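K.L.:
Handing you this structure, nothing more for now.
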Amino acid sequence: MIVSFSAVAGLAMGMAPAASADQGDGYVICNRGEICFKEWAHDSGGPGRRHFYWNDSNHHDDSWHKGGAFWDDATYILNRDTQCSVRVHEHVGYGGYQQTFLPKPGNEDYPVNYEHFLPGLYEKNSAHQRIC
């Protein structure tokens with residue numbers, strides 16, 4: 024019995040790296056602690072949401088919640104991180120134009136709580152980082 028449990032535990036631990044890609048909590052709603060990107064045009068019935076907990080220096084290898092290329096497509100953000108501001112960058116590797124968003128952990132996932140990117144980042148979101 025102990026051998027079986029160890030084998031199952033080892034199998035579960037072996038799968039952890041693939042399952043640990045930063046997708047926030049995996050739900051469509053922007054929950055407390057998440058950094059949530061959105062594109063209103065794609066939200067009804069299509070992609071349109073992408074959530075994170077941590078930094079991501081390359082959005083070019085990420086996709087929307089329901090699939091499709093995520094990078095350079097988001098137009099809004101809701102920073103529900105409980106501790107840090109989030110800086111969104113125009114280019115991969117934290118380069119180019121940038122805009123910082125203060126944490127708003129108490130805000131619920133309502134359209135009025137999302138912030139619009141300034142023109143330099145409008146549909147240009149190639150990286151983001153937590154600033155604590």
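Counted from 1, the sequence shown has number 121 at position 98 by the working numbering; the numbering is strictly sequential.
Glycine included, every Cβ here is placed at the ideal spot set by N, Cα and C.
Here the structure is a predicted model, which is why all the values come from computation and not from measurement.
Quick one: is Asn81 buried, meaning 16 or more other Cβ sit within 10 Å of its Cβ, or exposed?
P.N.:
What you label residue 81 is simply residue 58 of the sequence shown in a count that begins at 1. Classification of Asn81: exposed, given that the 10 Å Cβ count is below 16.
K.L.:
To which residues of the same chain is Cys115 closer than 7 Å at the C-beta, ignoring the five residues directly before and after it?
P.N.:
Position 92 of the sequence shown holds residue 115. In the sequence as displayed, the identity of residue 115 is Val instead of Cys. For Val115, where only same-chain residues beyond five positions count, the Cβ hits under 7 Å are Ser80, Asn81, His83, Ser149, Ala150.
K.L.:
Quick check on the burial criterion: 16 or more other C-beta atoms within 10 angstroms. Buried or exposed for His88?
P.N.:
On the sequence shown, residue 88 is found 65 positions in, with the first residue counted as 1. Classification for His88: buried.
K.L.:
Tell me whether His82 sits in a helix, a strand or coil according to DSSP, three-state version.
P.N.:
Against the sequence shown, residue 82 aligns to sequence position 59. Three-state DSSP puts His82 in a helix.
K.L.:
Would you mind working out which of Pro134, His112, Gly119, Arg110 sits nearest Ile6, comparing C-alpha positions?
P.N.:
Shown here, the chain extends from 24 to 155; a query on residue 6 therefore has no answer.
K.L.:
Does the separation of the CB atoms of Gln106 and Cys155 fall below 8 Å?
P.N.:
In the sequence shown, counting from the first residue as 1, residue 106 sits at position 83. In the sequence shown, counting from the first residue as 1, residue 155 sits at position 132. In contact: Gln106 and Cys155 (Cβ atoms closer than 8 Å).
K.L.:
Just verifying my parser: in three-state terms, what is the DSSP assignment at Gln152?
P.N.:
Residue 152 sits at position 129 when you count from the first residue of the sequence shown. The answer is strand: DSSP assigns Gln152 an E or B state.
K.L.:
Apart from the five residues just before and just after Gln46, which ones in its own chain have a Cβ nearer than 7 Å to its Cβ?
P.N.:
Walking along the sequence shown from the start, residue 46 turns up at place 23. Closer than 7 Å at the Cβ level, and outside the excluded window around Gln46, lie His74.
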